[in-house]
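Heads up, the sequence shown is in the UniProt record's numbering, so the first residue is 1 and it goes up one at a time. Ideal Cβ positions, reconstructed from N, Cα and C, are used throughout, including at glycine. Computed from a predicted structure; not experimentally measured. This report concerns only the one structure given below.
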Amino acid sequence: MNETQITDRLAATDWFKSSYSAADNECVEVSHAAQRVGIRDSKAIDRRGFTVGSDAFAAFVASLKNRSSGRMA
1 MNETQITDRL
11 AATDWFKSSY
21 SAADNECVEV
31 SHAAQRVGIR
41 DSKAIDRRGF
51 TVGSDAFAAF
61 VASLKNRSSG
71 RMA
């Protein structure tokens with residue numbers, strides 16, 4: 001699957017933001033499609049975001065959790 005196909009599939013999926021997002025929408029939204037995670041600016045949803053592999057995104061989230069708990073990965 002190429003990047004255009006992934007982007008098209010992401011456009012048809014549900015996007016969500018973290019429950020830790022700021023009240024004034026200063027956050028990103030994510031969506032899942034074809035072993036990729038789409039990431040976009042919640043204030044500019046009409047602009048193109050980008051994708052990363054689901055394993056890379058999971059590692060990123062784990063590092064944030066470790067950082068917020070004071071642990072280093």
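Cβ pair count under 8 Å reaching 3, the region 41-50 against the region 58-69: no
Reduced DSSP secondary structure (H/G/I, E/B, other) of Arg36: strand
With a threshold of 16 other CB atoms inside 10 Å of the CB of Arg36, please say whether the residue is buried or exposed. buried
Compare the Cα-Cα distances from Phe50 to each of Val28, Asp14, Ser18 and report the closest residue. Val28
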